[in-house]
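Peer 1: One structure coming up, written as structure tokens, with questions to follow.
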Amino acid sequence: MVANDETLIRRALSAFINDAHDMSVVGEARTGDIAVQLHSQLKPDVIVIGLPMSNEDGVDSIRRIRATDPSAKFLAVTAAFSGESTITALRAGAQGFVMRDEEPSAFLDRIRDVNDGSTVLSPDATRELIAFVIATPAKAQTDDLRPAEQLSEGELAVVRLLSQGLSNTEMAATLHLSEATVKMRFSKIMSKWNVRTRVHVLIRATRAGLVR
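Going left to right, the sequence shown walks through residues 19 to 230 as my numbering numbers them.
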């Protein structure tokens, strides 16, 4: 499902999705209220939601849907990022962030990753988040850094690619690995560091000086 208050953007995103061989748009919403209603009727695999939405808080729409369906998956699309707003939306339940000028093929990869359960950030969102983490004192952030276990070279490699905003497909191609291997490495990292998402991995790696 695509939720966006800008008709041209909403229809363009829907067209990109419908052109893909493995996905289709089951519904469109021009407001957050309509998105909440359609979700209850359609139960889409992924909701592509525009942030912000005029006269509404798109983040609040994410919270409302997640309150009734904790398994709902969201990919946020925006024209501008800030580290703080990115973290706010991710805490509300968004699994990913992309810019509106993302390449269509990369945009579709982000949807696939979110559908597979990964938390994804575009390169621009990743840079903003890293800058925010570096500029904000650790005590002012909620994700406290515990001593990190040493990562293997393979695990460190995927963390560095994560810091560049690459998708699972792009990481696999860069490292000449299968996507399943990339996902397995992140699972091991999250287990070692006792975190739940790749965003937490990125935050912890940034504080530990592993990425910049």
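Virtual Cβ for every residue (Gly too), placed ideally from N, Cα, C.
Remember, it's a predicted structure, so these values are computed and weren't measured experimentally.
May I have the straight-line CA-CA distance separating Leu-163 from Thr-25, to the nearest angstrom?
Peer 2: The count along the sequence shown starts at 1 and reaches residue 163 at position 145. The count along the sequence shown starts at 1 and reaches residue 25 at position 7. Model confidence at Leu-163 stands at a pLDDT of 47, short of 50, so the residue's coordinates are unreliable; what they give is reported in the following sentence. When rounded, the distance between both Cα atoms is 42 Å.
Peer 1: So the candidates are Glu-173, Ser-136, Leu-180, Glu-46; which of them puts its Cα closest to the Cα of Lys-61?
Peer 2: Taking the first residue of the sequence shown as 1, we reach residue 61 at position 43. It is Glu-46 whose Cα lies nearest to the Cα of Lys-61.
Peer 1: Once DSSP output is grouped into helix, strand and coil, what is the label at Leu-228?
Peer 2: For the purposes of this step, residue 228 is taken as residue 210 along the sequence shown, with counting starting at 1. Note: Leu-228 maps to coil in three-state DSSP.
Peer 1: Which term fits Asp-127, buried or exposed, when burial requires 16 or more other beta carbons within 10 angstroms of its beta carbon?
Peer 2: Taking the first residue of the sequence shown as 1, we reach residue 127 at position 109. By the neighbour-count rule (16 or more Cβ atoms within 10 Å), Asp-127 is buried.
Peer 1: Gly-76 by DSSP, collapsed to three states: which one?
Peer 2: The residue you call residue 76 lines up with position 58 of the sequence shown. Here Gly-76 sits in helix by DSSP.
Peer 1: Can Ala-90 and Ile-83 be called in contact, C-beta distance under 8 Å?
Peer 2: Sequence index remark: in the sequence shown, residue 90 carries index 72 (1-based). Sequence index remark: in the sequence shown, residue 83 carries index 65 (1-based). Yes, they are a contact pair.
Peer 1: Mind checking whether the beta-carbon of Ala-30 lies closer than 7 Å to any heavy atom of the ligand ZN?
Peer 2: The ligand ZN is absent from the structure shown, which contains no ligands of any kind.
Peer 1: Quick check on Thr-86: buried or exposed, where buried means 16 or more other Cβ atoms within 10 Å of its Cβ?
Peer 2: In the sequence shown, the residue the question calls residue 86 occupies position 68. Classification of Thr-86: exposed, given that the 10 Å Cβ count is below 16.
Peer 1: Classify Gln-55: buried if its beta carbon has 16 or more other beta carbons within 10 angstroms, exposed otherwise.
Peer 2: On the sequence shown, position 37 is the one that residue 55 refers to. Burial call: exposed.
Peer 1: What is the rounded straight-line gap between the Cα of Asp-161 and the Cα of Thr-199?
Peer 2: Taking the sequence shown and counting its residues from 1, the one referred to as residue 161 is at position 143. Taking the sequence shown and counting its residues from 1, the one referred to as residue 199 is at position 181. Any reading at Asp-161 must be qualified, since the residue scores a pLDDT of 47, below 50, and its modelled position is unreliable; no value is offered.
Peer 1: In the DSSP assignment, what are the bridge partners of Ala-275?
Peer 2: In the structure as shown, the chain starts at 19 and stops at 230, and residue 275 therefore has no counterpart that could be examined.
Peer 1: Assuming Lys-201 contacts Glu-173 (C-beta within less than 8 Å), just tell me the rounded distance between them.
Peer 2: Here residue 201 corresponds to residue number 183 of the sequence shown, with the count starting at 1. Here residue 173 corresponds to residue number 155 of the sequence shown, with the count starting at 1. Between Glu-173 and Lys-201 the Cβ distance is about 12 Å, and since that is not below 8 Å, they are no contact.
Peer 1: Mind the definition here: the stretch 105-113 touches the stretch 176-191 only if three or more C-beta pairs lie below 8 Å; say whether that holds.
Peer 2: no
Peer 1: How many angstroms separate the CA atom of Gly-135 from the CA atom of Val-213?
Peer 2: As a working mapping, residue 135 is identified with position 117 in the sequence shown. As a working mapping, residue 213 is identified with position 195 in the sequence shown. The alpha-carbon atoms of Gly-135 and Val-213 are separated by roughly 14 Å.
Peer 1: Would you say Thr-224 and Val-151 are within 8 Å of each other, going by their C-beta atoms?
Peer 2: For the purposes of this step, residue 224 is identified with residue 206 of the sequence shown, where counting begins at 1. For the purposes of this step, residue 151 is identified with residue 133 of the sequence shown, where counting begins at 1. Cβ distance < 8 Å, so Thr-224 and Val-151 count as in contact.
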